[in-house]
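If you read the sequence shown in this note's numbering, its first letter stands for residue 564, the second for the next number, and so on.
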Amino acid sequence: MRQVAYPLTGHNFNPLKDIVVITGGSNGLGKELVRLLKMRNARVAILDVVPLEEATADSNVRFYECDVSDVNQLLACHDQILKDFGAPTILINNAGVNTAGTILETSFSAIENVIKINLLLSFYTTKIFLPEMLERKRGYIVTISSVLGYLSPTHFGAYGASKSGLMAFHESLTYEMGCPLLSTSGIKTLLVCPGQMDTEMFLNVRTPLNMLAPKLSLEAVAAKIIRALETGARGELRLPLYTKLVPLLRAAPCCVVGLFRFVSQMDNLAKQSVEAQRASPLNQIRGTEKLFPQVNIAVPITINPELAVPATPDIKTGAASSTAVGNPTASR
564 MRQVAYPLTG
574 HNFNPLKDIV
584 VITGGSNGLG
594 KELVRLLKMR
604 NARVAILDVV
614 PLEEATADSN
624 VRFYECDVSD
634 VNQLLACHDQ
644 ILKDFGAPTI
654 LINNAGVNTA
664 GTILETSFSA
674 IENVIKINLL
684 LSFYTTKIFL
694 PEMLERKRGY
704 IVTISSVLGY
714 LSPTHFGAYG
724 ASKSGLMAFH
734 ESLTYEMGCP
744 LLSTSGIKTL
754 LVCPGQMDTE
764 MFLNVRTPLN
774 MLAPKLSLEA
784 VAAKIIRALE
794 TGARGELRLP
804 LYTKLVPLLR
814 AAPCCVVGLF
824 RFVSQMDNLA
834 KQSVEAQRAS
844 PLNQIRGTEK
854 LFPQVNIAVP
864 ITINPELAVP
874 ATPDIKTGAA
884 SSTAVGNPTA
894 SR
């Protein structure tokens with residue numbers, strides 16, 4: 564019966580069968596996801612520029628040094644993962660960066676960096692890893708977006724735009740695989756839209772109406788995602804409760820949206836958060852003011868904030884550089 568139903572239902576996460584690739588897995592939510600996957604003895608490939616210590620102590624968890632904004636490095640990592648693990652069946656597009664400031668204040672390079680890592684990376688990794696999933700009719704693509712994709716505050720325009728783009732990416736990809744109820748591709752897609760998480764990226768950002776919109780712990784969000792994979796969930800995972808209502812504002816009249824923004828004080832809080840972040844001693848210690856002088860604040864999380872704009876080859880034909888990955892086997 565399962566063999567008959569599988570083409571329609573796709574698959575549930577099985578540590579014995581699945582190989583997981585996660586971008587930005589050395590910090591924040593990605594690191595917590597890796598921890599939970601490791602507890603289940605899953606095989607995990609981490610793509611990041613920051614090494615993860617846990618990867619060196621477990622042969623099932625391997626770190627691949629990779630600037631995920633560089634297609635050539637992604638292609639080289641793909642080839643190495645095939646040699647080390649085999650073809651991945653689960654892709655978690657998690658890597659992300661942020662820059663704070665109004666649209667006029669934010670530099671061109673900072674905007675391009677956010678869009679490239681937060682949005683374009685999901686296109687790159689999907690084009691690279693999806694073909695093998697389709698061949699095996701077994702695949703799961705998880706896209707980590709944000710509630711700010713539905714309702715973007717001032718001073719976070721680039722970040723909000725990138726997360727909105729991920730929602731459109733997820734929707735297009737889902738139906739390119741066929742209607743979820745009728746598709747025989749064996750590929751499942753899941754969009755994750757959490758509220759504000761307790762991460763370094765939003766260290767000084769205050770949430771409006773804190774009782775209704777509390778900060779989420781990384782442990783809680785990661786546990787929900789793993790549970791969704793284990794149960795074979797499709798569609799969209801929103802948390803906490805208020806995020807299930809926020810999409811309704813997209814269809815609301817302008818006056819209603821304006822009233823909500825005024826009552827919640829979300830834009831004023833965003834502005835205050837940016838000012839606090841600029842004045843933070845932690846920011847001065849990290850030297851981020853040198854990266855984005857005066858008006859741009861970039862909190863280094865898992866990706867190099869310096870933007871490189873390499874020539875982007877066609878993924879189907881571009882040759883991967885043999886030296887771009889650094890030392891992909893260092894975590895063994």
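Even glycine gets a Cβ: it sits at the ideal position worked out from N, Cα and C.
Model, not experiment: these values are computed from the prediction.
Measuring alpha carbon to alpha carbon, tell me which of the options ends up nearest residue i.
i      : options                        : result
Arg701 : Phe576, Val837, Leu832, Ala839 : Phe576
Tyr512 : Thr737, Met730, Ile680, Thr652 : Not covered by the structure: residue 512. The range shown for the chain is 564 to 895.
Phe732 : Leu744, Ile707, Leu714, Pro743 : Ile707
Val597 : Leu779, Gly723, Ile655         : Ile655
Pro757 : Gly720, Ser589, Leu781         : Leu781
Gly720 : Lys580, Thr586, Gly588, Val837 : Val837
Ile609 : Ser727, Asn635, Ala786, Ile582 : Ile582
Glu668 : His718, Gly728, Glu675, Gln835 : His718
Gly649 : Leu579, Pro810, Val826         : Leu579
Asp761 : Ile585, Asn590, Thr586, Val584 : Asn590
Ala814 : Ala791, Val755, Leu714, Gly728 : Leu714
Ser709 : Asp830, Leu592, Arg699, Ile585 : Leu592
Gln636 : Lys646, Val612, Asp647         : Val612
Ile691 : Asp830, Ala639, Thr747         : Ala639
Pro614 : Arg606, Lys594, Ala605, Asp633 : Lys594
Ile792 : Lys726, Leu753, Ser827         : Per the sequence shown, residue 792 should be read as Leu rather than Ile. Looking at the Cα atoms, Leu753 is the closest of the given residues.
Ser727 : Pro810, Asp630, Val819         : Pro810
Asp633 : Val607, Thr586, Ala605         : Thr586
Ser746 : Leu697, Ala673, Val826         : Leu697
Lys834 : Leu729, Ile750, Phe823, Pro716 : Pro716
Glu695 : Ser748, Pro743, Val819, Gly741 : Ser748
Asp830 : Ala842, Gly723, Val784         : Gly723
Val784 : Gly741, Leu802, Thr794         : Leu802
Pro777 : Gln759, Ile666, Cys629, Thr794 : Gln759
Asp642 : Glu616, Gln840, Val584, Ile788 : Val584
Arg824 : Met730, Leu711, Lys751         : Leu711
DSSP three-state label for residue i, please.
i      : result
Gly798 : strand
Val826 : helix
Val784 : helix
Arg699 : helix
Met967 : No statement about residue 967 is possible, as the shown extent of the chain runs from 564 to 895 and does not include it.
Gln847 : In this prediction, Gln847 has a pLDDT of 40, which is less than 50 and means its spatial position is unreliable; what the coordinates show is noted afterwards. Reduced to three states, the DSSP call for Gln847 is helix.
Lys853 : Here the model assigns Lys853 a pLDDT of 33, short of 50, so the residue's position is not dependable, and the following value carries that caveat. Reduced to three states, the DSSP call for Lys853 is helix.
Met760 : strand
Phe686 : helix
Leu779 : strand
Phe576 : coil
Glu869 : Because the pLDDT of Glu869 is 40, which lies under 50, any placement of that residue in the model is unreliable, and the question is left without a value.
Val858 : Per-residue confidence for Val858 stands at a pLDDT of 36, beneath the threshold of 50, marking its modelled position as unreliable; the derived number appears in the next sentence. DSSP places Val858 in coil when its eight states are reduced to three.
Hey, quick one: how far does the beta strand (DSSP E) through residue i stretch, first residue to last?
i      : result
Tyr703 : 702-707
Lys896 : Limits of the chain in this structure are 564 at one end and 895 at the other, which puts residue 896 out of reach.
Thr558 : No answer is possible for residue 558: it lies beyond the span of the chain, which begins at 564 and ends at 895.
Ala815 : Careful: Ala815 lies outside any beta strand (DSSP E) and carries neither H nor E.
Leu610 : 606-611
Between which two residues does the alpha helix (DSSP H) carrying residue i extend?
i      : result
Val837 : 829-842
Arg598 : 591-602
Check whether the Cβ of residue i lies closer than 8 angstroms to any Cβ atom in chain D.
i      : result
Met696 : Protein chains in the displayed structure number just one, and chain D is not present.
At a cut-off of 7 angstroms, would you count residue i as near the ligand SAM, judging by its Cβ distance to the nearest heavy atom?
i      : result
Val705 : Questions concerning the ligand SAM fall outside what the structure shown contains, since it holds no ligand whatsoever.
Any 3 or more C-beta pairs closer than 8 angstroms across the stretch 594-601 and the stretch 618-636: yes
Enumerate, from N- to C-terminal direction, the unbroken alpha helix (DSSP H) stretches of 4 or more residues contained entirely within the stretch 618-684. Within the stretch 618-684, the complete alpha helix (DSSP H) runs of at least 4 residues fall at 634-647, 671-678.
Report yes or no: do the stretch 733-741 and the stretch 657-666 share at least 3 C-beta pairs separated by less than 8 angstroms? no
With contact counted as at least three CB pairs below 8 angstroms, one residue from each stretch, are the stretch 785-799 and the stretch 672-689 in contact? Proximity of the stretch 785-799 to the stretch 672-689 falls short of the contact definition, fewer than three beta-carbon pairs being nearer than 8 angstroms.
Do three or more CB pairs link the stretch 683-693 to the stretch 798-817 at distances below 8 angstroms? With the rule of 3 Cβ pairs closer than 8 angstroms, the stretch 683-693 does not count as touching the stretch 798-817.
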